[in-house]
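Accompanying notes for the structure given below.
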Amino acid sequence: MLNIDNNDTITAIATPPGVGAIAVIRISGPLSFNIIDIIFQPKIKNIKSRRIYLGYIYSKNTLLDKVLINIFKSPNSYTGEDIIEISCHGSIYIQNKILDLIINNGARLATRGEFTFRAFKNGKLDLYQVESLLELFDSENELDHNLALNNLRGEVSRIIKTLRKKILNLNTIIEFWIDFSEEDIKKKNILDFKKLLVNIRNHIKDLITSFKLGLVFKKGIAIAIIGKPNVGKSTLFNVLLKYDRSIVSNKSGTTINYIEENIYIDGIKYRLIDNAGIKKNTLNKLELKGIKKTLENIKKSEIIMYLTNKINPKYRHIQRYYKDLFKKEIIFIINKCDLLKTKLKRQDSPILISAKYGIGIKDLLNKLKSISERFRKNNNKTIIPNRRHYEELKKALFKLNQIKDNIKIGIEPEILSLILKEANYSLEKIIGTITNEEILFHIFDRFCIGK
Ligand SMILES: Nc1nc2c(ncn2[C@@H]2O[C@H](COP(=O)(O)OP(=O)(O)OP(=O)(O)O)[C@@H](O)[C@H]2O)c(=O)[nH]1
Ligand SMILES: [Mg+2]
83 MLNIDNNDTI TAIATPPGVG AIAVIRISGP LSFNIIDIIF QPKIKNIKSR RIYLGYIYSK
143 NTLLDKVLIN IFKSPNSYTG EDIIEISCHG SIYIQNKILD LIINNGARLA TRGEFTFRAF
203 KNGKLDLYQV ESLLELFDSE NELDHNLALN NLRGEVSRII KTLRKKILNL NTIIEFWIDF
263 SEEDIKKKNI LDFKKLLVNI RNHIKDLITS FKLGLVFKKG IAIAIIGKPN VGKSTLFNVL
323 LKYDRSIVSN KSGTTINYIE ENIYIDGIKY RLIDNAGIKK NTLNKLELKG IKKTLENIKK
383 SEIIMYLTNK INPKYRHIQR YYKDLFKKEI IFIINKCDLL KTKLKRQDSP ILISAKYGIG
443 IKDLLNKLKS ISERFRKNNN KTIIPNRRHY EELKKALFKL NQIKDNIKIG IEPEILSLIL
503 KEANYSLEKI IGTITNEEIL FHIFDRFCIG K
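For the record, in the sequence shown the residue sitting at position 62 is 144 according to my numbering, with numbers rising by one throughout.
Here's what the structure looks like:
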């Protein structure tokens, strides 16, 4: 449970449980320096911030360990309080002995996320940054790691704060209408109001659409491998995965249900989906179900790998079809090039490969990398990866849309002002200037003890 108003000195082991070369024990709060004065030798006169001291931890007269301690004086620390970080030897015995010693001298064990909660309470991080920290811990590839890191630096928080300010400006204009009713002034004000409203709504819309890209970064760029039965989709799937995951056979219709696996290429995560072959004019119920799933996978993928075995002069049409209709990147691939009678020059598109004999796979990966660059470039943009923030932004936009509609039909300014407050409330909930215990508990409970 979160200790919202509590000011105790807290402590915890910050490194993962178990034996390691070293372990780090943290202390934060008003008693931090007193405790170190009792348990650390030699005594430190005039403790200096951001300094490392080498010495010994004693429990009364018993030597426990030789350690390094790191000192951060309030307010220039992670929590904003006085912090000591003890780097001790990593045996479980020593870690627990030192932790007990700290507790016996006045600290208590921290709860989950309590160090970060104090950073939030003391204005070191806002709630958006706290949640970005969680995203950073959860990140498992370059794209979502960069995204979380950028957000932790506070860029989105700044944008949300600017939007809030603009909403307050809207409210000032409305209050002006309430106080003064001269028509000429009001007309000009309405124009200003509308302009600002469009600006805010567009900005929020951009943030809302960015969520989809954020999800792609987190879950991985989805690639659907599709084509007619027996063209070698599962063989290519296994080659890219580097192990035999999908069943391959010369019997047409081997893959009935799709298979999905993650792969990492150059730090980017992809979700590779091997699909059932698309067969024209089938009445077989099982095959129809498989094709339906293939179509669903096409829709939810960012990239399509379209496999054939022969040179299809219509490939440019097919490419355009997928690009225009589904808004997908398509990589056109001719597989089984080892069987091709006519010798084709290797060219950019279609890409010639033999999945079975490992020919052309490098070309295919290069093509994939060049498409992925587009995603990497977007990595610097402002992206909202968190569903809670996304939902609050949608609520804010809904309220601003209501204002746009209500202004047309001449609703009283007092009511507009109330709706604006609700839009503002949603933005405040994102950065945590307004929040409730339940939300805080839910967020900080996702941290481990020691963070
Ligand atoms: N010669 C040759 N044979 C290949 C190549 N790639 C796949 N094959 C063979 O083609 C047959 C079909 O391969 P699969 O990977 O099962 O084809 P698929 O597209 O997944 O087929 P379905 O699941 O039935 O839609 C198997 O016998 C493979 O060994 C290749 O590059 N060259
Ligand atoms: Mg297959």
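Virtual Cβ for every residue (Gly too), placed ideally from N, Cα, C. Note that the structure is a prediction, hence the values are computed from the model and not measured.
In the structure shown, lysine 351 falls within a strand segment according to DSSP collapsed to helix, strand and coil. Linking glutamine 484 to tyrosine 472 through their CA atoms gives a straight-line distance of about 18 Å. In this structure, the CA atom of lysine 248 is about 7 Å from the CA atom of isoleucine 282. Within 8 Å of the C-beta of lysine 315 there is at least one heavy atom belonging to ligand 2.
Valine 321 has its CB no nearer than 8 Å to any heavy atom of ligand 2. No heavy atom of ligand 2 is found nearer than 8 Å to the CB of threonine 193. Taken atom to atom, the span from the alpha-carbon of arginine 194 to that of arginine 108 is near 13 Å. The closest CA to that of phenylalanine 408, considering only Glu343, Ile380, Ile435 and Pro432, is found on Ile380. With a cut-off of 8 Å, the C-beta of aspartate 356 is classified as near ligand 1, since at least one heavy atom of the ligand falls inside that distance.
With the rule of 3 Cβ pairs closer than 8 Å, the region 432 to 443 counts as touching the region 313 to 325. With contacts defined as CB atoms closer than 9 Å, arginine 353 and lysine 301 qualify as a contacting pair. Assignment of glycine 372 by DSSP, reduced to helix, strand and coil, places it in the helix class.
Close CB contacts of valine 101 within its chain, under the 8 Å cut and outside five residues either way in sequence, are with Gly172, Ser173 and Ile174 (chain order). Around the C-beta of proline 112, fewer than 16 other C-beta atoms lie within 10 Å, and the residue is accordingly described as exposed.
Spanning the alpha carbons of threonine 336 and alanine 96 requires a straight line of approximately 51 Å.
Contact annotation: isoleucine 433 and leucine 446 have beta-carbon atoms nearer than 9 Å.
In the three-state scheme derived from DSSP, where H, G and I count as helix and E and B as strand, glycine 296 is classed as helix.
Around the beta carbon of lysine 270, fewer than 16 other beta carbons sit within 10 angstroms, so the residue counts as exposed. When distances are taken from the beta-carbon of leucine 368 to the heavy atoms of ligand 1, even the shortest one reaches 8 Å or more. If you look at phenylalanine 199, you'll find it in the alpha helix (DSSP H) that goes 196 to 203. In the structure shown, alanine 437 falls within a coil segment according to DSSP collapsed to helix, strand and coil. At least one heavy atom of ligand 2 lies less than 8 Å from the C-beta of threonine 336. In this structure, the beta-carbon distance from asparagine 468 to glutamate 224 does not fall below 9 Å.
Measuring C-alpha to C-alpha distances from phenylalanine 122 to each of Ala103, Ile151 and Leu289 identifies Ile151 as the nearest.
A direct Cα-Cα distance of roughly 10 Å separates isoleucine 256 from lysine 268. With a cut-off of 8 Å on Cβ pairs, the region 176 to 183 is not in contact with the region 153 to 163, counting fewer than three such pairs.
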